[in-house]
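Undergrad: Take 8 as the starting number for the sequence shown in the numbering used here and just add one per residue.
Glycine is no exception: its CB is placed at the ideal position from the N, C-alpha and C atoms.
Treat the numbers as computed from the prediction; the structure is a model and nothing was measured.
Dropping the structure in here first, questions after.
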Amino acid sequence: MQRILKTSEDGSSTVYSEQTGETYHSIHGAYTESMHVFINNGLSLVKSNKINVLEIGFGTGLNAWLSYIYAINKGLEISYDAYELYPLPFSLVNLLTYKDIYPEKQEKFELIHSVPWETTAKIDHNFYLSKKCSDITVCTFNGIYDMVYFDAFSPDSQPEMWTGKVFEKIFQDMNHEGILTTYCVKGIVKRALKEVGFKIEVLPGPPGKRHMLRAWKM
Ligand SMILES: C[S@@+](CC[C@H](N)C(=O)[O-])C[C@H]1O[C@@H](n2cnc3c(N)ncnc32)[C@H](O)[C@@H]1O
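Rendered as structure tokens:
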């Protein structure tokens, strides 16, 4: 599987997948998109100080890293479950520029990546990371989540990730008032989310995208 390092328009790294023909983040700004879709329009709205996060598609670890930084800055405790079927090689991870976002804690970014798959690790006193190398279309999740980062490749290249069956499984494993955010606003995604019971909001998107989605379990 060929994956290539790219630099997005805000200067932060992303990765291009030759298999799907897509980058892991918006080419208009990887850091900017992750902050907008998952932190500012997702995690920051969770009311509890102890938050269980589920990530679909760990990829470069950017969302986990930004969540860790957010937890440190806000004094929150996060248990973070990340699912990824095709982990990136260390040779590529080592080229990512994300450590520069928080240089004082750069060893924690390395730790986030070096934690073995299928284990849970304490990254810091307030951040626990569990990494699972599993296919999310068939696996069962292990938690009850307050926040879900749905960060799969697009429905055009991976339609099997965006089905009612997958969303139903996630919905069942979320707390009341749990939030799911995603960059994708396609009609089939909105319909599938609504059918399993989510309440949908269409919000302004990050640079280069008109909209994004926030879904609530109410
Ligand atoms: C858009 S990228 C994720 C970007 C990631 N959140 C980041 O910040 O780098 C989608 C990810 O989903 C992973 N993936 C693809 N199929 C999967 C599956 N069936 N189960 C779990 N992960 C999958 C890909 O390998 C890729 O890392």
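#1: Between which two residues does the alpha helix (DSSP H) harbouring W72 extend?
#2: Just tell me which of K224, M225 and G212 has its CA closest to the CA of I46.
#3: Do A78 and G133 count as a contact pair if the criterion is CB distance below 8 Å?
#4: Taking Cβ to Cβ, would you say D142 is nearer than 8 Å to L92?
#5: Answer yes if the segment 37-46 comes into contact with the segment 11-26, meaning at least three C-beta pairs across the two stretches below 8 Å, and no otherwise.
#6: Is I143 helix, strand or coil when you go by DSSP?
#7: If we ignore side chains and look at the alpha-carbon of each, how far apart do E125 and L136 end up?
#8: Taking Cβ positions, are N48 and M219 nearer each other than 8 Å?
#9: Using a Cβ-Cβ cut-off of 7 Å (strictly less than) and excluding sequence neighbours within five positions of I207, which residues of its own chain qualify?
#10: Please state the DSSP three-state secondary structure of L118.
#11: Decide if T147 is buried, meaning its Cβ has at least 16 other Cβ atoms within 10 Å, or exposed.
#12: Here's a check: name, in chain order, each residue in its chain whose Cβ is nearer than 7 Å to the Cβ of K193, leaving out the five neighbours to either side.
#13: With which residues is M219 paired in a DSSP beta bridge?
#14: Specify the secondary structure class of S33 as computed by DSSP and reduced to three states.
#15: So, for H32: in the same chain, excluding its five sequence neighbours on each side, which residues have a beta-carbon less than 6 Å away from its beta-carbon?
#16: If we require 4 or more residues per run, which alpha helix (DSSP H) segments fall completely within the segment 123-197?
#17: Report the rounded CA-to-CA distance for L12 versus V100, giving the unit in angstroms.
#18: Based on DSSP bridge pairs, tell me the residues matched to N59.
#19: To which residues of the same chain is H120 closer than 8 Å at the C-beta, ignoring the five residues directly before and after it?
#20: Provide the residue(s) that pair with I11 in DSSP beta bridges, ordered along the chain.
#21: So which of D88, Q113, N80 and E84 has the shortest CA-CA distance to N149?
#22: Over the uninterrupted alpha helix (DSSP H) stretch that includes L3, give me the two end residues.
#23: Between T27 and F157, how many whole angstroms is the CB-CB distance? I'm expecting something under 8 Å.
TA: If we stick to the structure as given:
#1: L69 to K81
#2: G212
#3: The identity of residue 133 in the sequence shown is Asn, whereas the question assumes Gly. For N133 and A78, yes; Cβs fall inside 8 Å.
#4: yes
#5: yes
#6: coil
#7: 10 Å
#8: yes
#9: K197, L200, K201, L220 and A222
#10: Three-state result, L118: helix.
#11: With fewer than 16 other CB atoms across the displayed protein chains lying within 10 angstroms of its CB, T147 is exposed.
#12: P162
#13: L210
#14: coil
#15: In chain order, T21 and E40 place their CB closer than 6 Å to the CB of H32, counting only its own chain and leaving out the 5 sequence neighbours on each side.
#16: Within the segment 123-197, the runs of alpha helix (DSSP H) that reach at least 4 residues and sit entirely inside it are, in chain order, 171-179.
#17: L12 and V100 have their alpha carbons spaced roughly 9 Å apart.
#18: S86
#19: G68, F97 and V100
#20: Y23
#21: Looking at D88, Q113, N80 and E84, the one whose alpha-carbon comes closest to that of N149 is D88.
#22: Any answer about residue 3 is impossible in this case: the structure gives the chain only from 8 up to 225.
#23: About 16 Å; that fails the 8 Å criterion.
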